[in-house]
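Residue numbers (my numbering), protein chains in the order written: chain E, 520 to 919; chain G, 11 to 337.
All residues carry an ideal CB built from backbone N, CA and C; glycine is no exception.
Below: one structure, written as structure tokens.
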């Protein structure tokens, strides 16, 4: 009995069809490349690592009024943290690098990652959109002494939606309606409570698909902090943090993930940084602020949120639900986290001069990238914080 | 044993004569090196398991066995439970197998029994190329092509009409268990097809000829001679597919919607252990959180191991069944 394997008739492999197939595939690939290499617009997605400088002269608009680090300072620094300010930090790193010949490497790994890395002292500075809680602060202080939250800029979190027939500027949401939507207590767009604030708008009978962030995020921190302030039930049931237990429905990865899901699912509602809403042409809702005015997310609303708010010296203040009548209610600072007591003099010097430049000269780049510049009071407080950074008791910054 | 006069004899005689001392050293050395390499793989696996257990001890101490049955994943209140992740992992893999196995078997039968020779190699080649697709590429395709199709065609139009069945209840998001099951099916399909085809081609012609001689039709040959003969091989193919489905991360993370709950509905967003790990590990901000995620990884490793062992036992039992032994 023969047990010859592979003896099915005609099983001999003939090279010709295979070569023909390979040729067809190669031709298809070439044709595709030719078509695709047109004027394809870049999506503008930032790469997650920024190192500067990128060569060339500083921008013509840059006024280098702030001093560069003195000789003897380190020529490279590392930082890690929040993704929200990444476009701005990239720009700053590039410009400061061209100006002062310093290379700063910033890894956009998220606020939680930033807090972890600065606590582990694997980076020179961290960055976060959320303030460190007691447990995190204690861990950081045990690792390197007192740690500062230095504000860099602030930004608005837009509530975006996807409702065929409802345009930008037509939807108004009150705080209790927004929190009940996210608590899954209001489940349809034509609910009477939504219609009450939106007379004249044709709201369809669609289910509301609630989209949130599935990864830990400073944007989530700001948004859930706002909901905790305006809803007792949210505060008790969910709370605020970079990552929470959402009542529903869908999680997206990153601001881009949420934007994509809102764009795809009819009836979706989500929250993203303002820049992502603008880039993706997503309509946003006007949210009623503490003074009763419906405000849309934007630079004016974001800047106003920080004004007329008493800023504590440690700047660990959350700008949500601001009492300023022109403020947009869902706004937050983004901070750089740095230790007061630096252990490396050269790096400490570069750090303080970079941060000093960022809160002064760096602010001219914020508006183009849709971030709000720091108000005068915030700059003053930040200056005081930077001046307190020292090495072996001696302050590192030598400017008045 | 009697050593032959003159010239080389048997290997045993050679060994007894031991003419080359260097050869002996070479033997011993190579034996050690290869044994070391083999054992190092085992050591690596054990080390991984050890590290997982070590890192998850906070979570094990805090939650105990309740972790396996807990349904909440709350980083704010520091309460973690793995049940929805385990449920999602198992259910998405089962859906993937249910969808992929019939298609794979059909494709394998076509390729080994019925395809004309000029079609066989190119088609096999193409199917194997499908296995080479990176997971994240498939995930992106799923995000932009599969999910809208599932939402518009499946959830809204066809299966949406069957919403009285709990399996098909719920608003049409597109993202959810069904999309995840479909994408996993696409990923395991080439693996199962390739192995099943090889196994079927290995069935001896004598078996087919014997069936034909008894007057069987083409289909009866396939069902009666080919398939029963390679039963254990087919099962091994399905097991390999299951293994891939259980561990698949990127593609599933992108389309499953990441809702952390246990529902009967296939339309609802769900989570798998791998998708939870991929989404949250980077930003876990405190020790208990990290420890809970590592414990989830340990559970995933345990599930994979358990299912593989059960499957091997099944294959072994089938391979030893009377019909095959009688060959």
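{"Asked": "Is the region 44-63 of chain G touching the region 145-157 of chain G in the sense that three or more CB pairs, one from each, lie closer than 8 angstroms?", "Found": "no"}
{"Asked": "Shorter than 8 angstroms from the beta carbon of residue 632(E) to some beta carbon of chain G?", "Found": "yes"}
{"Asked": "Comparing C-alpha positions only, which one of 864(E), 846(E), 625(E) and 907(E) sits nearest to residue 676(E)?", "Found": "846(E)"}
{"Asked": "Whole angstroms is fine: what's the gap from residue 733(E)'s alpha carbon to residue 663(E)'s?", "Found": "31 angstroms"}
{"Asked": "Would you grab the beta carbon distance between residue 837(E) and residue 744(E) for me? Rounded to a whole angstrom, and I think it's under 8 angstroms.", "Found": "5 angstroms"}
{"Asked": "Using a Cβ cut-off of 8 angstroms (strictly closer), state whether residue 902(E) contacts chain G.", "Found": "no"}
{"Asked": "Along the chain, where does the beta strand (DSSP E) that runs through residue 79(G) open and close?", "Found": "Premise fails: residue 79(G) lies in the alpha helix (DSSP H), 76-79, not in any beta strand (DSSP E)."}
{"Asked": "Pull up the distance between the alpha-carbon of residue 904(E) and that of residue 679(E), whole angstroms please.", "Found": "36 angstroms"}
{"Asked": "So what does DSSP say about residue 765(E), is it helix, strand or coil?", "Found": "coil"}
{"Asked": "From this set, 857(E), 672(E), 538(E) and 890(E), which residue's C-alpha is nearest residue 634(E)'s C-alpha?", "Found": "857(E)"}
{"Asked": "Measure how close the beta-carbons of residue 204(G) and residue 119(G) come, nearest whole angstrom, since I'm counting them as under 8 angstroms.", "Found": "Not confirmed; about 13 angstroms, so no contact."}
{"Asked": "CB-CB under 8 angstroms to residue 666(E), same chain, minus the five flanking residues each way: which ones, in chain order?", "Found": "637, 651, 656, 659, 660, 856, 857, 858 and 859"}
{"Asked": "Any C-beta of chain G within less than 9 angstroms: which residues of the region 761-788 of chain E qualify?", "Found": "761, 762, 763, 764, 765, 767, 768, 769, 770, 771, 772, 776, 779, 780, 783, 784, 785, 786 and 787"}
{"Asked": "Would the region 309-317 of chain G and the region 745-759 of chain E be scored as touching if the rule is three or more Cβ pairs under 8 angstroms?", "Found": "no"}
{"Asked": "Given this structure, state the Cα-to-Cα distance separating residue 598(E) from residue 606(E), to the nearest angstrom.", "Found": "14 angstroms"}
{"Asked": "Are any of the Cβ atoms in chain E nearer than 8 angstroms to that of residue 184(G)?", "Found": "yes"}
{"Asked": "My guess is that residue 702(E) and residue 869(E) are in contact by the Cβ rule of under 8 angstroms, so how many angstroms apart are they, rounded?", "Found": "Not quite, the Cβ-Cβ distance comes to about 47 angstroms (not below 8 angstroms), so this is no contact."}
{"Asked": "Is it true that the CB of residue 274(G) sits closer than 8 angstroms to the CB of residue 195(G)?", "Found": "no"}
{"Asked": "Quick check: is the beta carbon of residue 179(G) nearer than 8 angstroms to any beta carbon in chain E?", "Found": "no"}
{"Asked": "In the DSSP assignment, what residue or residues form a beta bridge with residue 615(E)?", "Found": "Answer is none; residue 615(E) lacks a bridge partner."}
{"Asked": "Name the DSSP bridge partner or partners of residue 707(E)?", "Found": "726(E)"}
{"Asked": "Taking the alpha-carbon positions, what's the residue 286(G) to residue 51(G) distance?", "Found": "28 angstroms"}
{"Asked": "So is residue 909(E) in contact with chain G if we call contact Cβ pairs under 8 angstroms?", "Found": "no"}
{"Asked": "Pull up the distance between the alpha-carbon of residue 741(E) and that of residue 611(E), whole angstroms please.", "Found": "23 angstroms"}
{"Asked": "Just to make sure I have the definition right: I need the residues of chain E whose C-beta is within less than 9 angstroms of the C-beta of residue 234(G). Which are they?", "Found": "Under the 9 angstroms cutoff, chain E gives no residues; its nearest Cβ is about 17 angstroms from residue 234(G)."}
{"Asked": "Along the region 100-131 of chain G, where does the CB come closer than 7 angstroms to a CB of chain E? Name the residues.", "Found": "122, 127, 128 and 131"}
{"Asked": "Three-state secondary structure (DSSP) at residue 906(E)?", "Found": "helix"}
{"Asked": "Using CA atoms only, rank isn't needed, just tell me which of 83(G), 133(G) and 39(G) is closest to residue 541(E).", "Found": "133(G)"}
{"Asked": "Please identify the residue among 306(G), 44(G) and 296(G) whose C-alpha is closest to the C-alpha of residue 288(G).", "Found": "306(G)"}
{"Asked": "Does residue 860(E) come out as helix, strand or coil in the three-state DSSP assignment?", "Found": "strand"}
{"Asked": "For a contact defined as C-beta to C-beta under 7 angstroms, what are the partners of residue 340(G) on chain E?", "Found": "For residue 340(G) there is no data in the structure shown, the boundaries of chain G being 11 and 337."}
{"Asked": "Name, please, each residue of chain G whose Cβ falls closer than 8 angstroms to the Cβ of residue 757(E).", "Found": "86"}
{"Asked": "Using three-state DSSP, classify residue 772(E) as helix, strand or coil.", "Found": "coil"}
{"Asked": "Hey, residue 281(G) and residue 95(G): beta-carbon distance below 8 angstroms or not?", "Found": "yes"}
{"Asked": "Taking residue 182(G) as the reference, give the member of 239(G), 250(G), 130(G) and 276(G) with the closest Cα.", "Found": "276(G)"}
{"Asked": "Note down the Cα distance separating residue 625(E) from residue 876(E), rounded to an integer number of angstroms.", "Found": "17 angstroms"}
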